Structures are given as structure tokens and as C-alpha cells.
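So the sequence shown is numbered by this note's numbering: it starts at 945 and just counts up by one.
The block underneath contains the structure these notes are about, expressed in C-alpha cells.
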Amino acid sequence: MNFYVDNETDHQFDFDIEKVVRDVCEGVLSMEKCPYGNISVNVLVTDNEGIRQYNKDFRQIDKETDVLSFPNLEFEKPGEYFIPEGEEADYIDPESGDIVLGDIILSKDRILSQAEEYGHSIKREFAFLVAHSMLHLSGYDHMTEEEAAVMEEKQKAVLNELGITRDI
């Protein structure tokens, strides 16, 4: 599995963001029993202005947010990873052979403010947003109360498994 992490801000987190991305992404993929071992995910850490611009450009929503998820695979059911026969070129990186699961964009500013607001560590907020986004990349959404409850339970489960709780 390959996880490409780019921090385009000047902020230096007090934990290894690449390790947290890898641990959380692998945790979600394992929990979801992803049948593919050759997955790649791109993660960008930007600031509020940067994420606002991505939100405006790609979603036509001119405001900042904490995380954006851009899934590459289409899912009939959440967590059922499947590449349609004959469409492999749309989902596989020709250089690495990896299945490109998608892209995650995080706002450093929102990570810092939300960690303070919710009374937990910056690492926990960062990991939570990565887990949330990975579930989106795995076909989950939270448009209904039922969907939101499923996502919340899965986020909590993967973070608990990694020992990244609200207490740290």
C-alpha cells in the first residue's frame, strides 16, 4: 500500500503525520476487508484558504471545511471494493500498478481549532478526519441518520483499535 502525504503548510505537527495516515488508512482497509493489497491514497494538508479553494473548485461550495474526500472507486454498497472488468485503466495507476482509492484534503487550521474545541489532542483530530475520509473513499456516506451512525461507529472502532482515543 502506498500513501502519499504532502503538507503544504509551514505547520510542524508533533507526531509523524505519514505514520498516522498509514496506520489509520490500513486500519480502515483491514476493518473493511479490502481484497486489494496494492492501494494508493493521496493526502494533502493545506490551510483554510487552500481547502476553501478546493471546495469551491470541485464542489462549487465557496467555504472552508475540515476535510474533503475525492473517491476514485464507485461502490454499489459501502465497503464492497470492486473494479469492473475492462475498466481497470480508470482505477489503476499505470506506473505503480496500485488501485487509486482517492484523495483526501485536510485543513490544518480546522484540525487545530477542532482539537481545541472538542478537548482532545491534535493527533486524535487528525486521525479522526483521516478515518472519516477513508470511509468516504470506501463508499460510505452520512446523508441519513442511519448512514451517519454507521460511519461514526466505524470511525470509533478503527481509532480505538489504534489506541487513538479522545483521551490522548
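Glycine residues also receive a C-beta, built at the ideal position from the N, C-alpha and C atoms.
Note that the coordinates shown come from a computational prediction; the quantities given were computed from them, not determined experimentally.
- Taken in chain order, the complete beta strand (DSSP E) segments of 3 or more residues contained in the region 962-1013 are 983-990.
- With the rule of 3 Cβ pairs closer than 8 Å, the region 1081-1094 does not count as touching the region 1030-1041.
- R1068 sits buried, since 16 or more C-beta atoms from the chains shown fall within 10 Å of its C-beta.
- Boundaries of the alpha helix (DSSP H) around F1072: I1066 to L1081.
- L1050 places its beta carbon 9 Å or farther from that of I1005.
- Residue state for L1017 is assigned as coil, using DSSP reduced to three classes.
- By the C-beta criterion, the region 1059-1078 is judged to be in contact with the region 967-981, since at least 3 inter-stretch pairs fall below 8 Å.
- When DSSP states are grouped into helix, strand and coil, D1047 belongs to the strand group.
- With contacts defined by Cβ atoms closer than 9 Å, V964 and V989 do not form a contacting pair.
- A straight line joining the alpha-carbon of D1042 with that of L1056 spans about 32 Å.
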